[in-house]
Amino acid sequence: MPHLVYENTTTLMNRKSNTPFTLSKQSKLPDLLQANEEWVHSINQTHPTLFPEHNAQGQEPHTLFIGCSDSRYNENVLGVVPGEIFTWRSIANLCLPDDSTFLSTLEYAIICLKVNKLVICGHTDCGGIMTCLRGGREALKSQQNCHSLYQYLGDIDQLYSEHANEIDQLPDERTRGKYLCIQNLKRQFNRLVHNDIVRNAIKKGQLEVYGLLYNVDTGLLETVDTLPPVTSIE
Ligand SMILES: [Zn+2]
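Each step along the sequence shown adds one to the number in full-length UniProt numbering, with nothing skipped, and position 71 is 71.
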């Protein structure tokens, strides 16, 4: 159970508090370094060969994980340890076709590292998406001096206006939010599978793409879309 290794990494500072978190806003560099040492110790107990015999020799990840930058999830929701997953994260897991960091990540992961799975993983209660749903994008520019974020979230605002009719009929904000998170995930999934590198790898049978939604209130993933379609994936 690889994910259990993270359970023992609580530092002295937070052992005294009532939160489950390892560090906090009060933590300083010594706390971070201590937390790191405890984490290494914990991994060495459960996976003694991981650092010296595997990670020290290079990486051969099986999966490219693209997710949101949200603090509540990352590739570790798959129960993996370092060395298994190549990762790229962006606010609201946007895969914008002219973003060179995103495109470089695809090239490196698929062509150079030859991952055979690509996970695009959105999540419920996404801050970028909820901001647009609540009509808060304009205030980012006018009141909060977040000009880049305002610009960036234009993609979500546009998506929201495309689906406004069906969203308005949903009963509550939680349902509307999840619906828009799923629509956003579907849009990023489509962008990915129309990318030349991804498309070629799928065509050659070298890559499968999974669109997954992470539920922040349960920790569970649900499948939204796959290519090849889910019926043809074992
Ligand atoms: Zn998010």
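Ideal Cβ placement from N, Cα and C applies to all residues, glycine included.
The beta carbon of Val-193 is closer than 8 Å to those of Arg-199, Ile-202, Val-209, Leu-227 in its chain, skipping five residues each way along the sequence. Around the Cβ of Leu-153, a 10 Å sphere holds 16 or more other Cβ atoms; the residue is buried. Between the beta-carbon of Ile-111 and that of Asn-93 there is about 22 Å, and that puts the pair past the 8 Å contact cut. Shown here, Gly-154 sits in a helix according to DSSP, grouped into three states.
Residue range 117–123 is occupied by the beta strand (DSSP E) that includes Cys-121.
Asp-155 is positioned such that its CB atom lies no closer than 8 Å to that of Phe-189. The stretch 117–131 and the stretch 54–72 touch, with three or more beta-carbon pairs separated by less than 8 Å.
With fewer than 16 neighbouring CB atoms inside 10 Å of its own CB, Thr-175 falls in the exposed class. Taking C-alpha positions only, Gln-26 is separated from Thr-218 by approximately 27 Å. Nearest in C-alpha terms to Leu-78, of all of Gly-128, Glu-222, Val-230, is Glu-222.
Ile-182 sits close to Leu-213, with the two beta carbons spaced by under 8 Å. Positions of the alpha helix (DSSP H) runs, each at least 4 residues long and wholly inside the stretch 77–150, are given as 100–106, 127–133, 137–142 in order along the chain. C-alpha of Lys-114 to C-alpha of His-47: approximately 25 Å in a straight line. The criterion of a C-beta distance shorter than 8 Å is satisfied by Arg-187 and Leu-159. Less than 8 Å divides the Cβ of Phe-102 from the Cβ of Cys-95.
When DSSP states are grouped into helix, strand and coil, Phe-65 belongs to the strand group.
Counting along the chain, Gly-205 sits inside no beta strand (DSSP E), nor does DSSP assign it H or E at all.
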